[in-house]
Amino acid sequence: MKIGVDYYPEQWDKSMWRRDAELMAKTGVKTVRLGEFAWSRLEPADGRFDFAWLDEVIEILTGYGLEIVLCTPTNCPPLWLYEAHPEIIQVGADGKRLQIGIRGHRCINSPVFLEYAKRITDAVAGHYAGNPDVAAWQIDNELEAYPCSCDVCRDKFRRWLLGKYGSLESINKSFGNSVWSGEYSSEAQIQPPTAYPKAWQNPALCLEYSRFTSECTVEYIGQLKAVIRGYFPNVPITTNTWFCENMPDFYKMFGKLDFVSYDNYPPVRIPENPEEFYSHAFHLDLMRGIKRKNFWIMEQLSGPTGSWSPMSPAPKPNMIKGYALQAFAHGADTVVHFRWRTAATGAEMHWHGILDHSGVRNRRFTEFEELCRTASKLETVRGACIKSDVAILYSPESEWAFKIQPQTDGFYYLEQLKYLHRAFSDYGVNVDVISPDEDLSAYKIVAVPSLYINKESVTENLYRFAENGGILIMTARSGVKDSCNNCVMDTLPTVFRELIGAEVTEYDPIGWREQTIADRYGKTFACKEWCDVMKLNTAKAYAEYTDSFYSGSPAVTENQYGSGTVYYIGTVCKRDFYADLAGRLLKRAEIPAYENLPVGIEITVRTNGKEDYIFIFNNSEQDAEFELTESMYSIIWNEQRKNIRLKPFDMEVLRQ
Ligand code: GAL
254 MKIGVDYYPE
264 QWDKSMWRRD
274 AELMAKTGVK
284 TVRLGEFAWS
294 RLEPADGRFD
304 FAWLDEVIEI
314 LTGYGLEIVL
324 CTPTNCPPLW
334 LYEAHPEIIQ
344 VGADGKRLQI
354 GIRGHRCINS
364 PVFLEYAKRI
374 TDAVAGHYAG
384 NPDVAAWQID
394 NELEAYPCSC
404 DVCRDKFRRW
414 LLGKYGSLES
424 INKSFGNSVW
434 SGEYSSEAQI
444 QPPTAYPKAW
454 QNPALCLEYS
464 RFTSECTVEY
474 IGQLKAVIRG
484 YFPNVPITTN
494 TWFCENMPDF
504 YKMFGKLDFV
514 SYDNYPPVRI
524 PENPEEFYSH
534 AFHLDLMRGI
544 KRKNFWIMEQ
554 LSGPTGSWSP
564 MSPAPKPNMI
574 KGYALQAFAH
584 GADTVVHFRW
594 RTAATGAEMH
604 WHGILDHSGV
614 RNRRFTEFEE
624 LCRTASKLET
634 VRGACIKSDV
644 AILYSPESEW
654 AFKIQPQTDG
664 FYYLEQLKYL
674 HRAFSDYGVN
684 VDVISPDEDL
694 SAYKIVAVPS
704 LYINKESVTE
714 NLYRFAENGG
724 ILIMTARSGV
734 KDSCNNCVMD
744 TLPTVFRELI
754 GAEVTEYDPI
764 GWREQTIADR
774 YGKTFACKEW
784 CDVMKLNTAK
794 AYAEYTDSFY
804 SGSPAVTENQ
814 YGSGTVYYIG
824 TVCKRDFYAD
834 LAGRLLKRAE
844 IPAYENLPVG
854 IEITVRTNGK
864 EDYIFIFNNS
874 EQDAEFELTE
884 SMYSIIWNEQ
894 RKNIRLKPFD
904 MEVLRQ
């Protein structure tokens, strides 16, 4: 496995470059990412390019055997470009042009910006074409589905919408624009959502705008990719992503890219409340699931974070190393740390890298050295993949729609997925997080929480999965909306009624209030946020409410459909309920699981078809100890192990 670093030579005196490269190589670093913010150095004036400094850096780095990830520097256009073409700056939803001086403010739809972005990409790619040390390319940096309201974007949105719906009449009808006299009578009246709270705006317009902005990002990536491809026919191209407010559709964004890369900043504060989501495992599984392939971390936690907010606590001993290994455990093959040195200037000087401002080798550096040594021991695992019997389905469209219209206090879409992800992964089984459009036939258990927006092909996919014998878990707020984000005028969960064999007679959005449910085995569990009051058709009750005016009505149902079984959880529970259900279903599906793992222990298996590699991570602040049923060979300690003892944030890797 490879460890890399993000390096900003343009921020350091050139006398430091060689020392840095030498230390990187000595430490065991293999990969260095360069250039994603360096446009003003690469093109100091319009059309005047300067590669001399980067040539020198690359020559030094590669001289020490380091491979390079080159980036398009397109996230930060230089000030001369903004000065000459202020029209390339994004306009906010309030109609005001943003102020420059920070980063990421370019409008990716602006033809002027695109011309310059393609030209600098062409210049960099053309200059380094044929360089065998370029291991990968990164397009831009942490791209979002930017909600820009400049004239170009407005016009493009209008054309996009009319292209999709054919006419104003059709848009009016599909959006239900008769509400509040919102009917369009001219094309110019079509506007992106405004700066008012989304809750006041037409949810159909808001969802289409999310689709549009996401498509624009995909289109932008396609244009820069085509330029790079012309010079680098075989070098893999990616973009580094994260979970941001304006999230593009990950599946479409990476559709045409060669691999997924993710910026991974797991929390350094361990929550005291066990209900709080803490492990980053869900995000890592989601990243792997985007292309159902191994992925990279392009930025990885290296020290206290800060700058955008007051500084976080320092990562505890073993965390930096442990979190990087956790990414390997979930399918990363390369982990690139952000950043080699902590910035001494600029807005980000408190977001710490591996080396502090002093450059003195500190505790974090020693841990990083250890990480590099461990990663080299894991070289045999590179390329080995993760096969899972359990999948959780993530729908970008449902996530957008829930952001547009929050349902009830405390109810967040991603948390609905995380409950189920954690329930299964606490038993040490692999879990995939994938798109609802994927082929589900290889899975035994599929959970699809709160599938809010309907799509016929996905509905068919779920029916087929159950019909063919799968165990399917659905939850409240499924089947609620049509593809326009309008309410379906049918009894909930509408298209899934037959599948779950029950229907929702009414619902109670209880928010923070806690109530209880009792399952058929006599156990009681707290529930919160949402209560679907259910009527059984072909299903049986799995759990019932024990209070409120619907005491005695089903809260969780179980239905035989085809050769499969479908569970519907009409409420939101706490961790114990999901753990209990997951335990029963794993037994029923005959999926091997670990019972009673110590809290925080995460187990995943990577396989290359010949050998299985078992990663055991102690994601907690306590020492953990447990016994395996048979002894296995530790790749880290080069000996057989049966009794597993792990310090906080330690990782063991065993070969079966
Ligand atoms: C990422 C970004 C980096 C750096 C880092 C720390 O989101 O890609 O450039 O800003 O966060 O703040």
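Just so we're aligned, residue 254 is where the sequence shown starts under my numbering, counting upward by one. Where is the CB? At the ideal position from N, CA and C, for every residue including glycine. All of these numbers come straight from a predicted model, not from anything done at the bench.
field: Cβ neighbours of LYS509 in the same chain (closer than 8 Å, five flanking residues each side left out)
entry: Cβ neighbours of LYS509 within its own chain (closer than 8 Å, five residues either side excluded): VAL471, ILE474, GLY475, LYS478.
- prompt: From the beta carbon of ALA274, is the nearest beta carbon of chain B less than 8 Å away?
  reply: The question asks about chain B, but that chain is absent: this structure has only one protein chain.
task: At 4 residues or longer, and completely inside the segment 370-431: list those alpha helix (DSSP H) runs for me, N to C.
output: Assignment of alpha helix (DSSP H) within the segment 370-431, counting only whole runs of 4 or more residues, yields 404-418, 421-428 in chain order.
- prompt: By Cβ distance below 8 Å, which residues in the same chain neighbour ASP303 in space, the five residues on each side in sequence not counted?
  reply: If we look at ASP303 and ignore the five residues flanking it on each side, its Cβ neighbours are ARG294, LEU295, GLU296, PRO297.
- request: Could you tell me which of VAL488, VAL480, TRP495, PHE410 sits nearest to SER464, measuring between CA atoms?
  value: It should be pointed out that residue 464 corresponds to Arg in this sequence rather than to Ser. When only C-alpha atoms are compared, the closest one is PHE410.
message: With DSSP as the reference, identify every bridge partner of CYS737, one or two as the case may be.
response: Beta-bridge partners of CYS737 (DSSP): none assigned.
message: Among the candidates ILE573, LYS776, LYS697, ASP347, whose CA atom is the shortest distance from the CA of LYS451?
response: Taking only the C-alpha atoms, the option nearest LYS451 is ASP347.
query: In the DSSP assignment, what are the bridge partners of PHE879?
result: DSSP lists ILE897 as partners of PHE879.
- request: List the DSSP bridge partners of VAL310.
  value: Answer is none; VAL310 lacks a bridge partner.
message: By alpha-carbon positions, which one of GLU751, CYS826, THR791 ends up nearest to TRP783?
response: For TRP783, the nearest C-alpha among the options comes from CYS826.
task: Measuring alpha carbon to alpha carbon, tell me which of GLU751, ILE698, LEU899, ASN721 ends up nearest GLY732.
output: Per the C-alpha coordinates, the member of GLU751, ILE698, LEU899, ASN721 positioned closest to GLY732 is GLU751.
query: What do you get for VAL432, buried or exposed, if any count of 16 or more other CB atoms within 10 angstroms of its CB means buried?
result: That one is exposed.
- request: Label VAL686 either buried or exposed according to how many other C-beta atoms from any shown protein chain fall within 10 Å of its C-beta, with 16 as the threshold for buried.
  value: Counting Cβ neighbours within 10 Å, VAL686 comes out buried, since at least 16 surround it.
query: Hey, which unbroken runs of the beta strand (DSSP E) at 3 residues or more fall wholly within the segment 481-546?
result: Within the segment 481-546, the complete beta strand (DSSP E) runs of at least 3 residues are 514-517.
field: C-beta atoms of THR769 and ALA779 nearer than 8 Å
entry: In this structure, ALA779 lies closer than 8 Å to THR769 by Cβ.
- prompt: Is the beta carbon of GLU395 within less than 7 Å of some heavy atom of the ligand GAL?
  reply: Result yes, Cβ under 7 Å from the ligand GAL.
message: For ALA842 and GLY281, I'd like the C-alpha separation in whole angstroms.
response: When the Cα atoms are used, ALA842 and GLY281 turn out to be separated by approximately 43 Å.
- prompt: Taking 7 Å as the cut-off, does the CB of SER562 come closer than this to any heavy atom belonging to the ligand GAL?
  reply: Every heavy atom of the ligand GAL is 7 Å or more from the Cβ of SER562, so no.
query: In angstroms, rounded to a whole number, what distance separates the CA positions of VAL480 and TYR381?
result: About 13 Å.
field: Reduced DSSP category for PHE290 - H, G, I as helix; E, B as strand; rest coil
entry: In this structure, PHE290 counts as coil in the three-state DSSP scheme.
task: Hey, could you find the ends of the beta strand (DSSP E) GLY252 is sitting in?
output: Lying outside 254 to 909, the shown extent of the chain, residue 252 is not represented and no answer is given.
query: If you measure from the CB of PHE503, is any heavy atom of the ligand GAL nearer than 7 Å?
result: For the ligand GAL, not one heavy atom lies less than 7 Å from the Cβ of PHE503.
message: I'd like to confirm something about ASP516: is its beta-carbon nearer than 7 Å to some heavy atom of the ligand GAL, or not?
response: Placement of the Cβ of ASP516 at a distance of less than 7 Å from at least one heavy atom of the ligand GAL is found.
query: So ALA910 is in the beta strand (DSSP E); what residue range does that whole segment cover?
result: This structure gives no information on residue 910, because the portion of the chain shown stretches from 254 to 909.
message: Less than 6 Å between C-beta atoms, sequence neighbours within five positions excluded: which residues of the same chain meet that for ASP386?
response: Excluding sequence positions up to five before and after ASP386, its CB lies within less than 6 Å of the CB of THR315, GLU320, ILE321, all in the same chain and listed in chain order.
Cutoff 8 Å; reference TRP265; Cβ partners in own chain excluding five residues on either side: Leaving aside the five residues that flank TRP265 on each side, the residues in its chain whose CB is nearer than 8 Å to its CB run, in chain order, ASP273, ARG594.
- prompt: Any idea which residues DSSP pairs ASN871 with across the strands?
  reply: DSSP output for ASN871 lists ILE854 as bridge partner(s).
Assumed close pair VAL741, GLU759 - CB separation to whole angstroms, cut-off 8 Å: Actually they are not in contact, since the Cβ atoms of VAL741 and GLU759 sit about 16 Å apart, beyond 8 Å.
- request: Report the three-state DSSP secondary structure of THR747 (helix, strand or coil).
  value: Here THR747 sits in helix by DSSP.
- request: Grab me the residues of TYR716's own chain with a C-beta within less than 7 Å of its C-beta, minus the 5 sequence neighbours each way, in chain order.
  value: LEU752.
query: For PHE618, which option in GLY817, GLY606, GLU397 has the closest C-alpha, if you only look at C-alpha atoms?
result: Ranking the options by Cα distance to PHE618, first place goes to GLY606.
- request: Could you tell me the distance, in whole angstroms, from the CA atom of PHE718 to the CA atom of PHE677?
  value: One C-alpha to the other measures close to 19 Å.
query: Nearest CA to the CA of PRO520: which residue from THR558, PHE485, ILE311, GLU498?
result: That would be THR558, whose Cα lies nearest to the Cα of PRO520.
task: Tell me whether ARG766 sits in a helix, a strand or coil according to DSSP, three-state version.
output: Reduced to three states, the DSSP call for ARG766 is strand.
message: Once the 5 residues before and after ALA600 are set aside, which same chain residues still bring their CB inside 8 Å of it?
response: Once the five neighbours on either side are set aside, the close Cβ partners of ALA600 are ILE355, SER560.
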